[in-house]
Amino acid sequence: MLSKLLDFLFPPSCPICKGPVSDHGTLCAECWNKFNWIGDPKCCVCGYPFAANLDLGAHPLCPVCAAGQNELDWMRSACVYDEWSRNIMLPFKHASTLKYQKIMTRAMIASLREMETCQKIPDLIIPVPLSYRRLWKRGYNQASLLARPLSQHFNIPMDVNSVHRKYRPDMGHKNAKQRAENIRGVFKVVRPEAVKGKTILLVDDVMTTGATFAELRRVLKRAGAAAVYGVAFCRVVRAI
Ligand SMILES: [Zn+2]
Ligand SMILES: [Zn+2]
7 MLSKLLDFLF
17 PPSCPICKGP
27 VSDHGTLCAE
37 CWNKFNWIGD
47 PKCCVCGYPF
57 AANLDLGAHP
67 LCPVCAAGQN
77 ELDWMRSACV
87 YDEWSRNIML
97 PFKHASTLKY
107 QKIMTRAMIA
117 SLREMETCQK
127 IPDLIIPVPL
137 SYRRLWKRGY
147 NQASLLARPL
157 SQHFNIPMDV
167 NSVHRKYRPD
177 MGHKNAKQRA
187 ENIRGVFKVV
197 RPEAVKGKTI
207 LLVDDVMTTG
217 ATFAELRRVL
227 KRAGAAAVYG
237 VAFCRVVRAI
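When the letters of the sequence shown are read in order and numbered with the numbering used here, they come out as residues 7 to 246.
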């Protein structure tokens, strides 16, 4: 009764174009179709999308994973980082716009549906940490806002205390090598006993070069983590 009244007073609308939709927090078909959602075929390890007309068998591998150079032990992203997904992501990251949170987490949950075929289901979810300085300035960690609904959906505890991040100036427009150098040593596992022997799912809003994920995996593995997975709402897809 109350929800019907609320729907009447505040009819559900698409958070992007404000057009009518049937449920709160969903996109209209037109806006939905503008995303470059990652489906099959994709790399079975890192989720790198392949051209739709390629038949690569049941367990396709991208050249990076085939060479054992993957940043994480397993990884998925909901969509490709392009002009359209950036429209959603940038306000989410910088202007405390939370209206897209539901869309993003729903899409991330869908992208993780193959997680049950992994050797191990994660024991812990860790959002990619922000430094205190940045957290203080922004007021929230956007990765935590995405990780919390995932933690609830999969019933996997979220841990925001075991890894700290030092402040470093923005990575802005650096190339892959510079980003990797800039991120090296910024994370510290402050509670190694919490991650030892655990399979961990890292959560972030976007994966650009993968340097952040790779560095987190390095320190978590050194602290004794068994495996490190990751999920991002969108990822940069370069030709490989
Ligand atoms: Zn729309
Ligand atoms: Zn791959």
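Think of the CB as a built atom: it goes at the ideal place given N, C-alpha and C, for glycine as much as any other residue. Keep in mind that this is a model prediction, so the values were computed, not measured.
Check	Outcome
Euclidean distance between Cα positions of LEU67 and LEU152	28 Å
Three-way DSSP call (helix, strand, coil) for SER83 in this model	strand
Boundaries (first-last residue) of the beta strand (DSSP E) holding ILE162	Unbroken run through ILE162: none, as it is neither H nor E.
Contiguous alpha helix (DSSP H) assignments of at least 4 residues, all confined to the segment 173-214	182-189, 198-201
Own chain, CB closer than 8 Å to CYS52, minus 5 neighbours either side, in chain order	CYS68, VAL70, CYS71, ASN76, GLU77, LEU78, TRP80, MET81
Beta-carbon spacing of TYR106, ILE115 below 7 Å	no
Sub-7 Å separation of ARG197 and SER168 beta-carbons	yes
Distance, LEU15 Cα to ILE22 Cα	19 Å
Three-state class that DSSP yields for PHE41 in the structure shown	coil
Quiz: which residues have CB nearer than 6 Å to ligand 1 non-hydrogen atoms	CYS20, ILE22, CYS23, GLY25, LEU33, CYS34, GLU36, CYS37
Where the beta strand (DSSP E) through LEU118 begins and ends	Here LEU118 belongs to no beta strand (DSSP E), and DSSP marks it neither H nor E.
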